[in-house]
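Novice:
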RNA sequence: UCCUCGGUAGCUCAAUCGGCAGAGCGGGUGGCUGUUAACCACUAGGUUGUAGGUUCAAGUCCUGCCCGAGGAGCCA
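Residue numbers (my numbering): 207 to 652.
1. Is the beta carbon of residue 531 closer than 8 angstroms to that of residue 568?
2. Could you give the first and the last residue of the continuous beta strand (DSSP E) run that contains residue 521?
3. Can you check which of these residues, 353, 606, 577, is closest to residue 483 by C-alpha distance?
4. Cβ of residue 333 within 8 angstroms of Cβ of residue 346?
5. What span of residues does the beta strand (DSSP E) with residue 559 cover, start to end?
6. With a cut-off of 8 angstroms on the beta carbons, I'd call residue 575 and residue 630 a contact; round off their distance for me.
7. Which residue marks the beginning of the alpha helix (DSSP H) containing residue 415, and which one marks its end?
8. Which residues in the same chain have their Cβ closer than 8 angstroms to the Cβ of residue 510, if we skip the five residues on either side of it in sequence?
9. Could you tell me if residue 350 is buried or exposed, where buried requires 16 or more neighbouring beta carbons within 10 angstroms of its beta carbon?
10. Given residue 602, which residues of its chain have a CB within under 6 angstroms of its CB, disregarding the five upstream and five downstream residues?
11. What residues are listed by DSSP as bridge partners for residue 308?
12. Would you say residue 580 and residue 607 are within 8 angstroms of each other, going by their C-beta atoms?
13. Name the two residues that bound the continuous alpha helix (DSSP H) containing residue 353.
14. Check the DSSP bridge columns for residue 402 and list the partner residues they point to.
15. Quick check on the DSSP output: the beta strand (DSSP E) that includes residue 472 runs from which residue to which?
16. Round the Cβ separation of residue 310 and residue 294 to the nearest angstrom and send it over; I've been treating them as touching at under 8 angstroms.
17. In or out: residue 391 buried (at least 16 other Cβ within 10 Å) or exposed?
18. Pick out the complete beta strand (DSSP E) segments inside the region 565-641, 3 residues or longer, and give them in chain order.
19. Mind checking which residues open and close the alpha helix (DSSP H) that includes residue 271?
20. Assuming the contact rule is C-beta atoms closer than 8 angstroms, residue 610 and residue 636 should be a hit. Round their C-beta distance to whole Å, please.
21. Helix or strand or just coil, what does DSSP make of residue 430?
22. With three or more beta-carbon pairs closer than 8 angstroms as the criterion, would you say the region 263-276 touches the region 303-323?
23. Return the chain-ordered list of same chain residues with a C-beta closer than 7 angstroms to the C-beta of residue 543, the five sequence neighbours on each side being excluded.
24. Within a Cβ cutoff of 7 angstroms, which residues of the same chain sit near residue 289, ignoring the five residues on either side of it in sequence?
25. Give the range of the beta strand (DSSP E) segment to which residue 500 is assigned.
26. Just to confirm, is the Cβ distance from residue 646 to residue 464 under 8 angstroms?
27. Report the partner residues of residue 250 according to the DSSP bridge assignment.
28. Would you identify the three-state DSSP class for residue 340, choosing helix, strand or coil?
29. Would you give the residue range spanned by the alpha helix (DSSP H) that residue 442 belongs to?
30. What do you reckon, are the CB atoms on residue 381 and residue 401 nearer than 8 angstroms?
31. Taking the beta carbon of residue 615 as the centre, do at least 16 other beta carbons fall within 10 Å, making it buried, or is it exposed?
32. Mapping DSSP to helix, strand and coil, what is residue 238?
33. Can you find a heavy atom of the ligand NAP that lies under 7 angstroms from the Cβ of residue 263?
34. DSSP on residue 514, reduced to helix/strand/coil?
35. On the premise that residue 627 lies in contact with residue 582, defined as a C-beta separation below 8 angstroms, what is that separation, rounded to the nearest angstrom?
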């Protein structure tokens, strides 16, 4: 703030021209400023020329006017190609006819580079071409808007947990064993051993939760699954809170609060980007606490009433998740799953040892599972039994079982997939647009 | 891994029954005093993914391969 004031007064007093960003232009009314950016588009009409410049924070229409068509500025303008880099100086004024509401009258122009013929034109392109040019596609308005919302989303997640006294605990990406035993992991060499890229920080979170009470980890996770759908990435980001002494009910409420907080922050701070994406914000504004809450068995019953043929023990596929979301028009909490379809560490339900205290939260509008978690087993003997039943290597889980031997308490946590959440927020067709450089089955370029 | 569809100009696509390879955008040249993915005129631009086959003749039909997309399965 002080820096801004100093900037502002130095412009007034000394007439020093300041490099400013387009998103900050309203702070410099009628002042001569400098903009540094790239040519987004240009148009000409006789004695007036229009230049749309983008600087990463916005797009500004700039004009030059001359009765002399051979003027220096016009000659320079005519050399410019799409995405050429340049510095412009001139006075910026409010202008109704300009997109964005502001317009610069160009007085000086320094060209830094004339760009080669830019492959992405303002017309439509196909997915393979855009993916091949992802490094340039990031400059396009919609991609830019999605990733700006991603940045806001990550900040809002961090603020949510930090404000509630959670400690950020970074969990390792290189792990010694195939922890879950179910998913295909990426294997790599670790000197004379083998290591695997992490698919979850949860097990380590359980250790840090016993040290710090309430913790969260936030980082990339990796899956070598040959999944080829609009909801799967090979490399994706996940935030995972874990709380000692918390039950299933506690983390269900935490999950609801987190989702509502993310939505509110996005609606408050990224309205412009949602408009660029033509996102109807109605379904987001409708999200209120508490979310509809059903058990797995109730979900099976509801689906069967809607012409699905589900049996106890079947997992939900994409059509089932979409149907539940359609019925409730809100995110839905599903709990009490069959033990058979969930991970080994899940706490069995009281009086129903065939069910576990798992929690899935399904996003509305068909975006599927955004949160998965539950209450963990805290009894050491039961945990060892489950490890044996799942035929997991006992030695690798020694430290994990240890956590149940030194002041074991009930504890719970969940994981929220950043890209799934962002897909829903932005209502994008495919998850590949929600991360700058998506890693997909058969694609690791660029 | 399976199923379906596709690959033609830099990009998006067209090419009828197997019969001259075409348009818009982008590029270039010129015009236009407020444009909004500006507009108008002219212009350059092609090993039809690849290897074979059928045919007087293949972008078009057949076979293999390569690449991609959509979906399924898989998936804390």
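Backbone N, C-alpha and C fix where the C-beta goes; we use that ideal spot for every residue, glycine too.
Specialist: Taking the definition as stated:
1. yes
2. Run containing residue 521: none; DSSP gives neither H nor E here.
3. 353
4. no
5. 558-569
6. Not really, about 11 angstroms apart at Cβ, beyond 8 angstroms.
7. 408-418
8. 516
9. buried
10. 383
11. 300
12. no
13. 347-369
14. 381, 393
15. First-last for residue 472: 454-475, but that is the alpha helix (DSSP H), not the beta strand (DSSP E).
16. 6 angstroms
17. buried
18. 574-582, 617-623
19. Not the alpha helix (DSSP H): residue 271 falls in the beta strand (DSSP E), residues 265-271.
20. About 42 angstroms separates the two Cβ atoms, so there is no contact after all.
21. coil
22. yes
23. 502, 561, 562, 564
24. 244, 245, 321, 324
25. 499-501
26. no
27. 255
28. helix
29. Per DSSP, residue 442 belongs to no alpha helix (DSSP H); it is in the beta strand (DSSP E), 441-450.
30. yes
31. exposed
32. strand
33. With respect to small molecules bound, the structure shown includes none, and the ligand NAP cannot be examined in it.
34. coil
35. Not confirmed; about 23 angstroms, so no contact.
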